[in-house]
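So for the sequence shown, this note's numbering puts the first residue at 140; every next one is plus one. Glycine residues also receive a C-beta, built at the ideal position from the N, C-alpha and C atoms. Note that this is a predicted model, so its numbers are computed, not measured.
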Amino acid sequence: MMKFHKLMFLNILFLSTLIVISSYAWFSMWIGLEINLLAILPLMANPKNIYPSEAAMKYFITQTLASLILLFAILMSNSLNMSEFAIPHNSLNFLDLLINSSLFLKTGAAPFHAWFPEVMEGLNWSNCLLMMTWQKIAPMMILIHNLSMFFYLTWIILISSILSGIMGLNQTSLRKILAYSSINHIAWMLSSMLNFKMIWLLYFTIYTILTMNLVIIFYYFNIFYSNQFYLIFNSNKLLNFFFS
Numbered sequence: 140m141m142k143f144h145k146l147m148f149l150n151i152l153f154l155s156t157l158i159v160i161s162s163y164a165w166f167s168m169w170i171g172l173e174i175n176l177l178a179i180l181p182l183m184a185n186p187k188n189i190y191p192s193e194a195a196m197k198y199f200i201t202q203t204l205a206s207l208i209l210l211f212a213i214l215m216s217n218s219l220n221m222s223e224f225a226i227p228h229n230s231l232n233f234l235d236l237l238i239n240s241s242l243f244l245k246t247g248a249a250p251f252h253a254w255f256p257e258v259m260e261g262l263n264w265s266n267c268l269l270m271m272t273w274q275k276i277a278p279m280m281i282l283i284h285n286l287s288m289f290f291y292l293t294w295i296i297l298i299s300s301i302l303s304g305i306m307g308l309n310q311t312s313l314r315k316i317l318a319y320s321s322i323n324h325i326a327w328m329l330s331s332m333l334n335f336k337m338i339w340l341l342y343f344t345i346y347t348i349l350t351m352n353l354v355i356i357f358y359y360f361n362i363f364y365s366n367q368f369y370l371i372f373n374s375n376k377l378l379n380f381f382f383s
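Spelled out as structure tokens, the structure:
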């Protein structure tokens, strides 16, 4: 049974994402992201195990850096909009670049992905599921409102799809394999955003369902590494049929 404080932070986590989705002002979106960060850290940390706590610290550092960049870009954008002088076009492009980069850092898209597999490696399966699914909703909903830099987004899509495929080949940890798979799916989600936003919603829903099924199987059989598959397959014909 889930402890009360974890249930409370889980509810705050869901509500913070809804705050971001329902917001139209940049500052309220930023507040929603910060509440989201503060809510997930207690869910990640485990005083009985050093690895989840280390993963929570890495996640906190990277998300704080992304939040600072995002806040700086928001404040600079508001200052320029309130200015009486003409705003250089290059300045607006630079601020859009900062906003998008901070959101890519939050989602773990390449080349801002280095933290994501390392954080995933230290988490249990339930937290891995949150990281791969729910935690991507808020930054991506903000990205939907800021899709002006087509060339930059295309570059992120290409880097994420190519790099994740290469880096995932030599991994034996299933959590890292799923992390690189998630980075690859980010590329496809961004591609769907550029075409039609409802396609992104459909893709994300299917991705979440498939990822949830995988995580449930790995959690039930206590599988963390690829070499454990051979032992499980030999003892469970149903699982062997599922993955064949």
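Through-space distance from residue j to residue i, alpha-carbon basis
{"i": "ALA225", "j": "MET288", "result": "Unreliable placement is indicated for ALA225, whose pLDDT of 46 sits below 50; the coordinate value is still reported in the next sentence. ALA225 and MET288: Cα-Cα distance of roughly 21 Å."}
{"i": "HIS324", "j": "SER218", "result": "36 Å"}
{"i": "TRP254", "j": "GLY247", "result": "7 Å"}
{"i": "GLY304", "j": "THR311", "result": "14 Å"}
{"i": "LEU269", "j": "PHE363", "result": "17 Å"}
{"i": "ASN185", "j": "MET271", "result": "19 Å"}
{"i": "LEU421", "j": "LEU329", "result": "Residue 421 cannot be examined here, being either before or after the span of the chain that is shown, 140 to 383."}
{"i": "LEU308", "j": "SER320", "result": "10 Å"}
{"i": "LEU182", "j": "LEU152", "result": "10 Å"}
{"i": "TYR163", "j": "TRP169", "result": "11 Å"}
{"i": "PRO250", "j": "SER299", "result": "7 Å"}
{"i": "GLY171", "j": "PRO278", "result": "10 Å"}
{"i": "ASN388", "j": "ILE276", "result": "With the chain running from 140 to 383 in the structure shown, residue 388 is simply not present."}
DSSP state of residue i mapped onto helix, strand, coil
{"i": "TYR364", "result": "strand"}
{"i": "VAL159", "result": "helix"}
{"i": "SER321", "result": "helix"}
{"i": "SER330", "result": "helix"}
{"i": "SER312", "result": "strand"}
{"i": "THR272", "result": "coil"}
{"i": "ASN217", "result": "helix"}
{"i": "GLY304", "result": "helix"}
{"i": "SER241", "result": "helix"}
{"i": "PHE335", "result": "coil"}
{"i": "LEU286", "result": "coil"}
{"i": "PHE251", "result": "coil"}
{"i": "PRO278", "result": "helix"}
{"i": "PRO191", "result": "helix"}
{"i": "LYS197", "result": "helix"}
{"i": "LYS142", "result": "coil"}
{"i": "SER150", "result": "The sequence shown places Asn at residue 150, not Ser. Three-state DSSP puts ASN150 in a helix."}
Beta carbon of residue i nearer than 7 Å to that of residue j
{"i": "SER241", "j": "ILE208", "result": "yes"}
{"i": "ALA194", "j": "LEU262", "result": "yes"}
{"i": "LEU260", "j": "LYS315", "result": "Per the sequence shown, residue 260 should be read as Glu rather than Leu. In contact: GLU260 and LYS315 (Cβ atoms closer than 7 Å)."}
{"i": "MET256", "j": "ALA318", "result": "The question names Met, but residue 256 is Pro in the sequence shown. Cβ atoms of PRO256 and ALA318: closer than 7 Å."}
{"i": "SER161", "j": "ALA178", "result": "no"}
{"i": "LEU433", "j": "MET215", "result": "No answer is possible for residue 433: the residues shown for the chain start at 140 and end at 383."}
{"i": "TYR369", "j": "TRP264", "result": "no"}
{"i": "ILE322", "j": "HIS252", "result": "yes"}
Where the alpha helix (DSSP H) through residue i begins and ends
{"i": "PHE255", "result": "254-260"}
{"i": "ALA178", "result": "165-183"}
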